[in-house]
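Chains as they are written, first to last, in the working numbering: chain G, 195 to 308; chain D, 34 to 143.
Glycine is no exception: its CB is placed at the ideal position from the N, C-alpha and C atoms.
What follows is a single structure, written as structure tokens, with notes after it.
Next comes the structure, spelled out in structure tokens:
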């Protein structure tokens, strides 16, 4: 089974702190994604990556950056956390290739910024 | 108009009922269709995957796609309290990113 592992289930941070969310997948997937999920707004794509050292902005990249130094690891960085970044953050990886592509999620990190 | 529409619920049914969950979409380029189940405070897990019009069955679950009407459904037979979750539909046009519905929250009452 595909496993996508997020390093923390719950995080509490203070406004202005730099926050790192880590994600590791074990299926050699090319593509990795960061989403945030908020009640009433659904899943929104923050950033994605189709290859090592490559990143693309999603729908809501403001206030975030990402790092992909190794194929299996994709990190989301909140440079200066703000209260409106309190959310559930979901990492995902996919088989890629267009035809038959499937997306697999981690368990999520519930981030609270105080 | 949003690309993918889904009734958010909540939907409450008695144990053993047949559940029908639906999504409509506007982009005829969508080619692959998925249903995810998400338990409270967990990540979504892939439940069903289809890429053509018609039905696909897996145990108590049946996914149905009608591309001509731009409509997909998930049916759950003999629903159980353990089926209580939020169900997200997702779809993808070739070569682009996934698009998700907002999810329908389902409660199956014992």
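| Item | Value |
| --- | --- |
| Contact list for residue 301(G) against chain D, beta-carbon separation under 8 Å | 75 and 76 |
| Outcome for residue 129(D) when other beta-carbon atoms lying within 10 angstroms are tallied against a minimum of 16 | exposed |
| 7 Å Cβ cutoff met for residue 119(D) and residue 98(D) | no |
| 8 Å Cβ cut-off: residues of chain D touching residue 279(G) | Correct list: empty, because the minimum Cβ distance to chain D is about 18 Å. |
| Secondary structure of residue 129(D), DSSP reduced to three states | coil |
| Chain-ordered chain D contacts of residue 242(G) [CB-CB under 8 Å] | 130 |
| Residue from 269(G), 281(G) and 280(G) whose Cα sits closest to the Cα of residue 199(G) | 269(G) |
| Residue 124(D) versus residue 66(D) - alpha carbon distance | 4 Å |
| Boundaries (first-last residue) of the beta strand (DSSP E) holding residue 55(D) | 52–58 |
| Min CB distance residue 94(D) to chain G below 7 Å | no |
| Proximity test, Cβ basis, 7 Å: residue 135(D) and chain G | yes |
| Residue 246(G) - partner residues in DSSP beta bridges | Answer is none; residue 246(G) lacks a bridge partner. |
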